[in-house]
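Heads up, the thing below is written out as structure tokens.
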Amino acid sequence: MDKKQKHVIYLALCISRVLFIFGDYFLSNTQNIQADNIPSESKVLPNQNIQAQEPQDIIKNINQDIQEIWIQDQDIQKFDINQLQEDEKNNYDNIQILQEVYKKTNNPEILTKLLQELIESYQFDYAKSYINQISTLWYSPEIDSDLYLHILINSLSITDSRDLIYFETQLENMSNKWYINKDDTYFYLWLIKIWKKDFNWANNLFKNILDSRYSKFINHFDTNLTNYSAQKDIPSYYTDAMISLTMLKNWYFSIAKKLSLNVLMSNDKYILPYQILAYSHFLTNNRETSIDYFLKLIDIDKSKEDNYKFMIWVSYYRLDKNEESVLYLSQIKNKLYQTDVHRYLILNYLEWNDIPKLVRTRQSLLWQNDLEKSDFYNYFYNTFYIPFRNQEPSSIYKENQTLAISFLDKCYQTFSTWDSDICIYWQAWQDITLFNREAAKDKLLYLAEKYPQSYIYHALWDYYNIKKDLQKAKTYYIKAVSSTTSETEKNIVRTKIIDQNI
117 MDKKQKHVIY LALCISRVLF IFGDYFLSNT QNIQADNIPS ESKVLPNQNI
167 QAQEPQDIIK NINQDIQEIW IQDQDIQKFD INQLQEDEKN NYDNIQILQE
217 VYKKTNNPEI LTKLLQELIE SYQFDYAKSY INQISTLWYS PEIDSDLYLH
267 ILINSLSITD SRDLIYFETQ LENMSNKWYI NKDDTYFYLW LIKIWKKDFN
317 WANNLFKNIL DSRYSKFINH FDTNLTNYSA QKDIPSYYTD AMISLTMLKN
367 WYFSIAKKLS LNVLMSNDKY ILPYQILAYS HFLTNNRETS IDYFLKLIDI
417 DKSKEDNYKF MIWVSYYRLD KNEESVLYLS QIKNKLYQTD VHRYLILNYL
467 EWNDIPKLVR TRQSLLWQND LEKSDFYNYF YNTFYIPFRN QEPSSIYKEN
517 QTLAISFLDK CYQTFSTWDS DICIYWQAWQ DITLFNREAA KDKLLYLAEK
567 YPQSYIYHAL WDYYNIKKDL QKAKTYYIKA VSSTTSETEK NIVRTKIIDQ
617 NI
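In the working numbering, the protein residues as written are 117 to 618.
Here is the structure:
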């Protein structure tokens, strides 16, 4: 499986569960997260009222159908930035495309879009490497000031004080040269005070900030700080932990990590800072570190053990450590997770190319009552499309041919009343596999109207070529070659053309 399809399938199946768990811990009432040694009478705290940007707004409509954007070398110079529609395109693909385009053009607009995409996927260190290429010593107006400061504050080292000094120097320089206005300056000074745990000065500073972009967040911060501080008989570090949680909710990861580590120095049994550190490192792509914190959480918080094991599985999977990921996935016993467990075992077995285990797990998945379109897409794509695209035998289909029929039957049972296109889509590929060309042609023509994909054009080209309708064959050949992102498929189609002298 190529990297693009790995990202697409992984994200489509995984992101809803990750967001659910993320919300379970960080978008719930604070009464659900308690320190072990807080007296019982003070455990119930006010609700979190912070209206932070939701994760769903950062990861735009990830479960929607993903439109392909393919940029040929000759199109680089005329690349239109508006082509990248975030609600139709996977973020990982955007980054790869933008990196290639920026390398060839050095276009500041492309750099801005690239930095935005890196921020949305929380790759702050990577984003910082790009701004350092422009200017290591001082801020360059070529870079958007908001993006620049957001990247710097989120890539601060927890242990190296020079990072903070550098940030303070850059902020002062940008303010003196009017690259940023007073509200921007005061806001980032406010964040610096929070980093330093100088909350009184932070309160004084926020009164000078009028910009609505900042005031809403700061007002909620102040309200919650006041509520936490007013609670009696709770340790002082509890307020620090709640502020750390507030920072995480508003995507200031480095500050959240810094404050949480300070809290652990006061009480290393307190669950909340471990949760913040685990999720902060997970979201910012520090998978190994996040695993360490999730393992610690398994030891001290048995009530959510399955959730933590799920996140360990995700981390190992993203690190391409399939044996470790299967080990933790197989330990999840909660029946609520069973459908997801089957889905993610399938992804691991695909990586291993372990066809017998893959097929057995697919059979188990078929008995679940909460299947979605992506379950059928994943099966049909790997069983029919990939072998067709690469002109290889379908080892999955040969391992258990009746399973394909069972999936199609289940597909029509599940989606018959409102969305059967996914079933028609893959019935066409079974027709191709069984050489039912006329039946396949009718389905493919219908689907080509609704879902123009390279492999549909490729199949139609095959059909019309067999029928000696060379004009139509040539039309679909051009469409297939121009729309595919697979070099393997391009070479196969081109070889067919050469061999048949079309």
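All C-beta atoms in this analysis are idealised placements derived from N, C-alpha and C, irrespective of residue type, glycine included.
On a predicted model such as this, the values are computed, not experimentally measured, just so you know.
Classified as buried, residue 355 has 16 or more neighbouring CB atoms from the shown chains inside 10 Å of its CB.
Within a 10 Å sphere around the beta-carbon of residue 274 sit fewer than 16 other beta-carbons, which makes this residue exposed. DSSP places residue 602 outside any alpha helix (DSSP H), giving it a letter other than H or E. For residue 505, the closest alpha carbon among the candidates 577, 467, 484, 451 is that of 577. In the structure shown, residue 466 adopts helical secondary structure according to DSSP, grouped into three states.
In the structure shown, residue 317 falls within a helical segment according to DSSP collapsed to helix, strand and coil. Distance check between residue 312 and each of 371, 478, 358, 496 places 371 closest, using alpha-carbon atoms only.
By the neighbour-count criterion, in which a residue is buried when 16 or more other Cβ atoms sit within 10 angstroms of its Cβ, residue 452 is exposed. Look at residue 558 here: in three-state DSSP terms it is helix. Listed in chain order, the non-local C-beta contacts of residue 405 below 7 Å within the same chain comprise 397, local neighbours out to five positions each way being set aside. Per DSSP, the continuous alpha helix (DSSP H) segment holding residue 577 begins and ends at 570 to 582. Note that the C-beta distance between residue 482 and residue 514 is not below 7 Å. If only uninterrupted alpha helix (DSSP H) runs of at least 4 residues are considered, those enclosed by the stretch 274 to 319 are 277 to 292, 298 to 311.
A Cβ-Cβ distance of about 6 Å is found for the pair residue 538 and residue 493, placing them in contact under the 8 Å criterion. Per DSSP, residue 536 lies in no alpha helix (DSSP H) segment and is marked neither H nor E.
For residue 229, the enclosing alpha helix (DSSP H) has its first and last residue at 224 to 236. The beta carbon of residue 589 sits closer than 6 Å to the beta carbons of 577, 580, 581 from its chain, once the five residues preceding and following it are set aside; these are given in chain order. Judged by DSSP secondary structure, residue 355 falls within the alpha helix (DSSP H) whose first and last residues are 352 to 365. A straight line joining the alpha-carbon of residue 321 with that of residue 339 spans about 15 Å. DSSP places residue 513 in the helix class (H, G or I) of the three-state scheme. Classified as exposed, residue 276 has fewer than 16 neighbouring CB atoms from the shown chains inside 10 Å of its CB.
Going by DSSP, residue 453 is part of no alpha helix (DSSP H) at all; its letter is neither H nor E. Counting only residues of its own chain and dropping the five nearest sequence neighbours on each side, residue 606 has a CB closer than 7 Å to the CB of 597, 600. Judged by their CB atoms, residue 261 and residue 241 are not nearer to each other than the 7 Å cut-off.
For residue 521, the closest alpha carbon among the candidates 595, 560, 540, 358 is that of 540. Secondary structure at residue 342: helix, using DSSP grouped into helix, strand and coil. Taking a cut-off of 8 Å on C-beta distances, the stretch 432 to 442 does not touch the stretch 414 to 421, as fewer than three cross pairs fall below it. In the structure shown, residue 259 falls within a coil segment according to DSSP collapsed to helix, strand and coil. Excluding the 5 residues flanking it on each side, residue 460 has same chain C-beta neighbours closer than 6 Å at 445, in chain order. Comparing alpha carbon positions, the residue from 390, 548, 385 closest to residue 500 is 548.
In the structure shown, residue 441 adopts helical secondary structure according to DSSP, grouped into three states. Counting every other CB atom within 10 Å of its CB across the protein chains shown gives residue 329 a total below 16, marking it as exposed. Of 297, 238, 512, 477, the smallest CA-CA separation from residue 268 is found for 238.
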